[in-house]
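The next block holds one structure in the form of structure tokens; read it before the comments.
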Amino acid sequence: RVWLSEWVTNDRTWSNFKLEFKSLCPNQLDFANILFEAMKTTSDKYPTYAEYARRTLLRLRIVQGLSDELRTLIVIRGIDSPQVRAAAANANLTLDTIVSFLSIYTKPNLAKRDNASNFK
Numbered sequence: 002r003v004w005l006s007e008w009v010t011n012d013r014t015w016s017n018f019k020l021e022f023k024s025l026c027p028n029q030l031d032f033a034n035i036l037f038e039a040m041k042t043t044s045d046k047y048p049t050y051a052e053y054a055r056r057t058l059l060r061l062r063i064v065q066g067l068s069d070e071l072r073t074l075i076v077i078r079g080i081d082s083p084q085v086r087a088a089a090a091n092a093n094l095t096l097d098t099i100v101s102f103l104s105i106y107t108k109p110n111l112a113k114r115d116n117a118s119n120f121k
């Protein structure tokens, strides 16, 4: 939207806007980088395990050719808690069930922060 409002041209038509804007966008996505970033990301950067799983699955959806099982395993591999990771690995999870499964687990440091703020 900012680009549109700052766009300076004499021909302010939709077709001209599309032509100029499209040239600024990459022609192809870097699937290798998307996969690499998803695989190196861990749950410690997210407030909940479920949010980590949801965002990682959204990223992995872009990469074509990955099986549902592999996507699930990539998410499980990035869980930083050994107990939660083991529970997820033993639960025979699918893409449809992993986010709801992980939503029952709370992160220890998040729980500590909540308790600390309650005592103030």
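Residue numbering for the sequence shown follows the working numbering, beginning at 2 and increasing consecutively. C-beta atoms are modelled at their ideal positions from N, C-alpha and C, and glycine is treated no differently. Note that the structure is predicted; figures quoted are calculated from it, not measured.
| Check | Outcome |
| --- | --- |
| Validate contact between the stretch 60 to 78 and the stretch 91 to 104 using beta carbons, cut 8 Å, 3 pairs | yes |
| Cβ shell of residue 102 (< 7 Å), same chain only, five flanking positions each side left out | 89, 92 and 94 |
| Close beta carbons around residue 77, own chain, < 7 Å, minus the five adjacent residues each side | 86, 89 and 90 |
| Per-residue DSSP class, three states only, for residue 89 | helix |
| Exposure label - residue 24; buried when at least 16 CB within 10 Å | exposed |
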